[in-house]
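Working notes, structure below.
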Amino acid sequence: MYDLVVRNGTVIDPSQGINEKMDVAVIGTRIDSIERNIPSSSAARVIDASGLLVFPGLVDIHTHVAAGLAGLCVEADIHCLPKGVTTAVDAGSTGHLLHRAFIDRVVSNSKTRLLAFLNIESLGMIESARTGKEWSSERWAELITISNGRYDEWFVNLEETIAAIRENSSALVGIKWAHHTLNTFRLARKAADIARTRLMAENHQMPEGMKYVRKGDILTHIFHNYYNRLAGGYDGLLEDGEIRQEFFTAYRKGVIFDIGHGRSSFSWDVAEKAMAEGLKPHTISTDIWRENVGSPVRNLPYVMSKMLCAGMSIEEIVAASTVTPARVIGMERVIGSLKPGMAADISIFRLETGRFIFEDSYGRKRKGSRMLRVKSVISNGTLLSS
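Here the sequence shown stands for residues 324 to 709, where the numbers follow this note's numbering.
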């Protein structure tokens with residue numbers, strides 16, 4: 324007897340090459356089987372997914388969910404899980420000084436599966452710890468500039484960061500470099516190498532910073548288009564309107580290109596140019612935090628819908644939100660798939676058709692015709708919404 328069966332839905336599971344009407348059966352916290360026409364009588368509970376799409380639980384590889392520890396963060400159980408995101412990866416909200424608090428207070432009390440990239444900076448994203456004009460990003464850039472090279476000395480402890488990663492490898496999946504100095508970028512690379520883990524780096528200080536990025540690392544905010552005061556210019560994918568050659572090289576050698584949409588980090592112009600030249604994102608993520616839970620980010624299904632509008636296929640956006648991010652963080656044997664034995668994380672959606680307006684981070688808009696709307700979420704075998 325199964326505990327739960329999802330019947331009659333169109334299963335899209337890129338990890339198995341499936342896009343067809345199938346049923347998914349759950350026993351306890353694991354997927355038990357995926358096949359056609361599982362009898363309703365064989366399950367204690369049946370979910371009818373007729374006319375709906377059935378995905379593996381979504382994986383958002385760039386979030387800020389260390390709620391209560393870092394001022395920029397949101398609660399995953401409010402802003403991620405109800406939208407079908409069963410696994411959220413915090414992208415550097417905390418550094419080594421708060422990593423135990425994150426694990427003990429946040430991870431252990433969350434229904435959402437939480438993991439994290441540990442910030443190379445000891446305090447994490449402290450530029451977001453205060454609000455108000457006096458602590459804007461411009462003010463922080465000024466502080467770094469006037470610190471006479473001592474910023475890294477004050478805010479980075481390489482040994483403690485490496486120790487934290489080694490001692491908590493089940494929760495900490497890598498090192499995060501945000502958008503500060505090139506020297507902290509170098510230190511993040513060094514920490515990742517010594518700890519034998521991956522690096523998530525924001526797409527800044529380019530092309531100089533590309534020397535610190537390796538195969539399997541993640542470049543997030545890949546399609547941003549804003550002026551970086553620290554770099555003194557537009558320091559992302561484009562230079563004078565053209566894609567820097569270093570990005571083609573990085574893409575070919577296996578660097579992961581991640582959306583990391585955010586409040587300021589997704590440009591339609593950049594995305595369309597990059598994708599037209601073969602640089603499709605490997606992973607789709609939100610960079611969700613307290614100031615972008617409304618437009619233009621909202622939630623991961625909304626960003627996935629935006630990438631449908633950009634020309635990606637339904638199979639591509641599901642892969643970029645399930646099996647690929649799971650593989651990138653070394654969790655592909657647990658999440659991101661509906662294979663038997665995997666965690667029973669299932670997200671059920673309706674694909675609505677109509678007229679939708681999708682806005683980027685700079686106010687530019689595109690018209691789309693498809694939108695994903697969550698209908699039900701199963702997390703670790705438990706039905707959370709229906």
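Quick reminder that beta carbons are idealized off the backbone N, C-alpha and C, glycines included.
Beta-carbon proximity check, N551 vs R586, cutoff 8 Å: no
Close-in-space but distant-in-sequence residues of the same chain around D326 (CB under 8 Å, 5 per side omitted): V349, I350, G351, A366, A367, R368, G704
Paired residues, beta bridge with W500 - DSSP: A524
Cβ pair count under 8 Å reaching 3, the region 687–702 against the region 391–402: no
Segment limits, alpha helix (DSSP H) that includes S592: Per the sequence shown, the amino acid found at residue 592 is Asp instead of Ser. Its alpha helix (DSSP H) spans residues 591–599.
Three-way DSSP call (helix, strand, coil) for R673 in this model: strand
Reduced DSSP category for G447 - H, G, I as helix; E, B as strand; rest coil: coil
Per-residue DSSP class, three states only, for D558: coil
Own chain, CB closer than 6 Å to A372, minus 5 neighbours either side, in chain order: V329, N331, G332, I671
Where the alpha helix (DSSP H) through I485 begins and ends: 481–490
Under the three-state DSSP convention, the category L420 falls into: helix
Rounded C-alpha distance that separates S431 from E600: 43 Å
P624 classed as buried or exposed, judged by whether at least 16 other C-beta atoms fall within 10 angstroms: buried
Backbone CA spacing between L602 and S364 [nearest angstrom]: 47 Å
Cutoff 6 Å; reference G608; Cβ partners in own chain excluding five residues on either side: One detail in the question is off: residue 608 reads as Ser in this sequence, not Gly. Cβ within range, chain order: D383, I384, H385, D581, I582, G583.
E490 to H419 span [Cα, whole Å]: 11 Å
Whether T543 touches A414 by CB criterion (8 Å): yes
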